[in-house]
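Position in the sequence shown (from 1) plus 42 gives the number in this note's numbering.
Just so you know, even glycine gets a beta-carbon here, dropped at the ideal spot from N, CA and C.
All figures in this text were calculated on a predicted structure; none of them were measured in a lab.
In what follows, a single structure is set out as structure tokens and then discussed.
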Amino acid sequence: MRAYSDIDHGSDPTDRKSVTGFCIFLGDSLISWKSKKQSIISQSFTEAEYRVMTSTTKEIVWLRWLLANMRVFFSHPTHMYCDNQSSIQIAHNSVFHEQTKHIEIDCHLTRHHLKHDTIALPFVSSSLQISLSRRIPSLVFVF
43 MRAYSDIDHG SDPTDRKSVT GFCIFLGDSL ISWKSKKQSI ISQSFTEAEY RVMTSTTKEI
103 VWLRWLLANM RVFFSHPTHM YCDNQSSIQI AHNSVFHEQT KHIEIDCHLT RHHLKHDTIA
163 LPFVSSSLQI SLSRRIPSLV FVF
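Structure below.
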């Protein structure tokens with residue numbers, strides 16, 4: 043299983059809200075995805091990216107639980123590809139600074155699963171990031 047999470051920070055010109063998205067694959071099959079316009083305006087690119095990482099982490103944990111109930115077990119962490127190195131560093135860093143205090147609760151969840159090998163956070167360049175529908179033309183998210 044592998045996952046991609048990404049944001050389009052402040053992409054709506056009328057209200058500057060970000061669009062977040064993730065997609066999760068089991069082998070070559072897309073098994074879960076989400077694309078959502080955020081209800082609040084993120085104050086930073088890193089904050090918005092970290093919030094979608096937390097959402098993706100929750101989905102990964104749920105899918106791993108569901109698959110384990112079907113006797114499908116994973117011996118390795120699920121790679122969640124992210125194109126924001128600052129967010130990856132926050133997940134690895136156990137020391138909070140004044141600038142990251144507002145995302146501290148999200149950090150606890152993602153860091154917990156990172157430390158327990160539920161997820162791994164490899165970097166992927168933006169050109170290879172596929173989680174938002176604009177990068178996968180065949181996927182149209184309609185809710």
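Can you name, in chain order, every residue of its own chain whose Cβ lies under 6 Å from the Cβ of residue i, other than the five neighbours on each side?
i: residue 114; result: none
i: residue 43; result: 68, 120
i: residue 184; result: For residue 184, the predicted structure reports a pLDDT of 41, less than 50, and the residue's modelled location is therefore unreliable. The matter cannot be settled from this model.
Below 7 Å between beta carbons: does that hold for residue i and residue j?
i: residue 88; j: residue 129; result: yes
i: residue 152; j: residue 96; result: yes
i: residue 64; j: residue 47; result: yes
i: residue 78; j: residue 62; result: yes
i: residue 133; j: residue 108; result: no
Taking 8 Å as the limit between beta carbons, can you name the residues of its chain near residue i, skipping five residues before and five after?
i: residue 155; result: 99, 102, 103, 161
Run the CB neighbour count on residue i, radius 10 Å, all protein chains shown included, and call it buried at 16 or more, exposed below.
i: residue 58; result: exposed
i: residue 75; result: buried
i: residue 122; result: buried
Between which two residues does the alpha helix (DSSP H) carrying residue i extend?
i: residue 64; result: Note, residue 64: premise wrong, no alpha helix (DSSP H); beta strand (DSSP E) at 61-68.
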